[in-house]
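Residue numbering for the sequence shown follows the working numbering, starting at 7 and increasing by one per position.
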Amino acid sequence: MTNKRTNSSGGIGIVTILWVTFLILKLTHVIDWAWVWVFSPLWIAASLGALFLIVVGTILLLAVAGITSKGSRVNTEIKSWFKGKEQEEN
């Protein structure tokens, strides 16, 4: 019998390790940084994630706009499908 263990968790990431390290150093007074810099790994990672979502969303929006433009081949194919269905119903 095989013992297959699968773990879907990615574990602790570099961002979390940096944040915990900065937090411990700040609380033990080893560093004298402002709290905004202690939490900087978290907000930098969140900003990069948001930027990624904005870029992907923009690309998808432009793709949809290109597909639905009047002169596109896809648009004319879709119109021909509906025209064919209208003729079959009549």
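Quick reminder that beta carbons are idealized off the backbone N, C-alpha and C, glycines included.
**Message:** Assuming VAL42 and LYS32 are in contact, meaning their beta carbons sit under 8 Å apart, how far apart are those beta carbons, in whole angstroms?
**Reply:** For the purposes of this step, residue 42 is taken as residue 36 along the sequence shown, with counting starting at 1. For the purposes of this step, residue 32 is taken as residue 26 along the sequence shown, with counting starting at 1. With 8 Å as the limit, VAL42 and LYS32 do not qualify as a contact, their Cβ atoms being about 11 Å apart.
**Request:** Taking only the alpha-carbon atoms, compute the straight-line gap between ILE37 and GLY63 and give it to the nearest angstrom.
**Result:** Residue mapping note: residue 37 aligns to position 31 of the sequence shown, counting from 1. Residue mapping note: residue 63 aligns to position 57 of the sequence shown, counting from 1. Rounded to whole angstroms, ILE37 to GLY63 spans 39 Å at the Cα level.
**beta-carbon ALA56 near the ligand GDP non-hydrogen atom, thresh 7 Å** = The model depicted lacks the ligand GDP and carries no ligand whatsoever.
**Asked** Among VAL80, VAL61 and PRO47, which one has its Cα closest to the Cα of LEU24?
**Response** The residue labelled residue 24 in the question sits at position 18 within the sequence shown. The option with the nearest alpha carbon to LEU24 is PRO47.
**Item:** Where the alpha helix (DSSP H) through SER53 begins and ends
**Value:** Locating residue 53 in the sequence shown gives position 47, counting from the first residue. Per DSSP, SER53 is one residue of the alpha helix (DSSP H) stretching across 46-73.
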